[in-house]
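With the sequence shown counted from 1, adding 4 to any position gets you this note's numbering.
By construction, the Cβ of each residue, glycine as well, lies at the ideal position given by its N, Cα and C atoms.
Working notes, structure below.
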Amino acid sequence: MADATDTLDGSASLAKAKRSQAAYQALRDDIFAFRLLPGDRFTENDVAERLGISRTPVREALHRLQGDGLVRGYYRNGWEVVPLDLARFEALYELRTLLETHAVTRLCRPEAPHRAALAALVRQLGAIWRVPVARRLADGNAVAQLDEAFHLAIVEAAGNPESAAVHQQVTDRIRIIRRLDFAFGTRISLTYDEHSAILDALEAADGGRAVALLSNHIEDGRAEVSRLTTERLEQARTSLVRPAPARTPNAPVRRRRFG
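Pasting the structure below:
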């Protein structure tokens with residue numbers, strides 16, 4: 005009997021996890037596609053009703069999205085898609101560039117401790133980014149996560165934990181627009197190429213070249229996500245003033261502001 009109970013409990017837990025994952029994916033897609041605009045407010049009940057599930061998996065999904073920096077919750081007052089402040093993002097990208105270029109300059113110094121850290125870093129990251137084209141990932145979300153890890157690993161390897169902590173905070177704050185690049189842009193292949201080139205420069209301990217490549221890499225990404233953000237926001241806002249198309253059967257209801 006205990007085995008049967010355990011099986012039922014396990015099945016229920018698996019079904020709950022699947023509902024939570026489905027809610028997370030649906031809301032994340034809505035945010036990245038600007039079906040939910042920055043600043044839109046909604047409640048757990050709204051989402052649960054729209055997706056046809058209970059509030060518990062919705063709440064779990066929203067807490068995951070909050071950890072991703074995509075939404076924020078208000079005590080007894082629902083949830084909000086994190087508003088975009090492009091001037092603030094520009095400043096954060098500048099800070100990110102300063103942290104990362106300082107890290108590679110430090111890593112390329114000739115002292116033995118830095119050489120050891122640099123060699124370990126190149127081995128670690130090379131296993132992910134120096135791969136044949138056929139082995140490159142195509143999943144934008146997965147590549148986005150690996151991209152974040154690549155840049156954080158560079159800062160951590162330089163040996164200053166305070167810099168690494170600040171870099172992580174910057175990463176969390178720019179995630180909402182940075183991942184647009186991988187969801188809608190064409191930078192997946194470029195990211196592999198550019199990361200490989202940066203690793204080549206690091207392996208040669210060529211600090212000047214590494215700084216130039218890294219700076220260009222970050223700037224190109226910043227420019228692209230800024231373009232994508234502006235473009236997709238304009239598309240989303242334009243669609244609000246157009247007559248809504250007839251709904252197909254079972255199509256989800258499009259809500260601009262849930263609350």
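Asked                                                                                                                                                      : Found
E115 by DSSP, collapsed to three states: which one?                                                                                                        : coil
Can you say whether G263 is buried or exposed, counting buried as having 16 or more other CB atoms within 10 angstroms of its CB?                          : Confidence at G263 is low in this model, with a pLDDT of 38, below 50, so the placement of that residue is unreliable and no value is reported for it.
Please report how far the alpha carbon of R260 lies from the alpha carbon of F38, in whole angstroms.                                                      : Note that R260 scores a pLDDT of 45, beneath 50, so its modelled location is shaky and nothing firm can be said.
What residue range is occupied by the uninterrupted beta strand (DSSP E) comprising G144?                                                                  : No beta strand (DSSP E) holds G144; the alpha helix (DSSP H) holding it covers G144 to A161.
Would you grab the beta carbon distance between L270 and A168 for me? Rounded to a whole angstrom, and I think it's under 8 Å.                             : Examination of residue 270 is not possible in this model, given that the chain is present from 5 through 263 alone.
Assuming contact is defined by CB atoms lying nearer than 9 Å, are L206 and V86 in contact in what I supplied?                                             : no
Distance, Cα to Cα, P117 vs N145?                                                                                                                          : 34 Å
Given that a residue counts as buried once 16 or more other Cβ atoms are within 10 Å of its Cβ, and exposed if not, what is E94?                           : exposed
Run the CB neighbour count on A65, radius 10 Å, all protein chains shown included, and call it buried at 16 or more, exposed below.                        : buried
Report all residues from its chain with a CB closer than 8 Å to the CB of A161; omit the five preceding and five following residues, and keep chain order. : A107, L111, A121, L122, A124 and L125
Report all residues from its chain with a CB closer than 6 Å to the CB of R191; omit the five preceding and five following residues, and keep chain order. : D185
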